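Using the UniProt record's numbering, read the sequence shown as starting at 1 and increasing by one per residue. Think of the CB as a built atom: it goes at the ideal place given N, C-alpha and C, for glycine as much as any other residue. All values derive from a computational prediction rather than experimental measurement. To start, the structure itself, in structure tokens.
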Amino acid sequence: MGQHDPTVRGQASSSFHQKNKCDLLHVLSELCSNNVTEYQALIIGLQMALEMGIIEMEVYGDSKLSINQLLNIYEVKKCDLVPFFRQASYLLKGFENVTLNHILRKEIGWLMH
Numbered sequence: 001m002g003q004h005d006p007t008v009r010g011q012a013s014s015s016f017h018q019k020n021k022c023d024l025l026h027v028l029s030e031l032c033s034n035n036v037t038e039y040q041a042l043i044i045g046l047q048m049a050l051e052m053g054i055i056e057m058e059v060y061g062d063s064k065l066s067i068n069q070l071l072n073i074y075e076v077k078k079c080d081l082v083p084f085f086r087q088a089s090y091l092l093k094g095f096e097n098v099t100l101n102h103i104l105r106k107e108i109g110w111l112m113h
């Protein structure tokens, strides 16, 4: 599941309430798998939202693997993903209400506008 090509970039976009959006481009300093990058981007977005005092949030991600793992639909089988899954799960508990949504990569554009 998922690609294992090394990548050095991750992007997280979170929609805070209905009016405010926060876009973040984070460059990773070492090579890692696409799945690790997706988790790292999500973790950064969750940390930012918590620091901003956000208590309700909708998360849109194009990684079906990470979204479904966090929804407990998929099991985390790769050892290298376990620490990221645990950290993201821990951060999600800091919100009163969070909705995780998988979207196709080609649909991300509408989130940015």
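Helix, strand or coil for residue i per DSSP?
i      : result
Val36  : helix
Met57  : strand
Leu100 : strand
Phe95  : coil
Ile43  : helix
Lys77  : coil
Met52  : coil
Asn72  : coil
Ser63  : coil
If the criterion is Cβ atoms closer than 9 Å, does the pair residue i and residue j meet it?
i           : j      : result
Gln69       : Leu50  : no
Gly61       : His102 : yes
Asn97       : Met57  : yes
Gln87       : Ile43  : yes
residue 114 : Tyr39  : Residue 114 falls outside the range modelled here, since the chain spans only 1 to 113, and no answer is possible.
Leu100      : Leu71  : yes
Lys78       : Asn35  : yes
Apply the 10 Å Cβ neighbour rule to residue i and answer buried if 16 or more other Cβ atoms are within range, or exposed otherwise.
i     : result
Ser63 : buried
Thr37 : buried
Ser66 : buried
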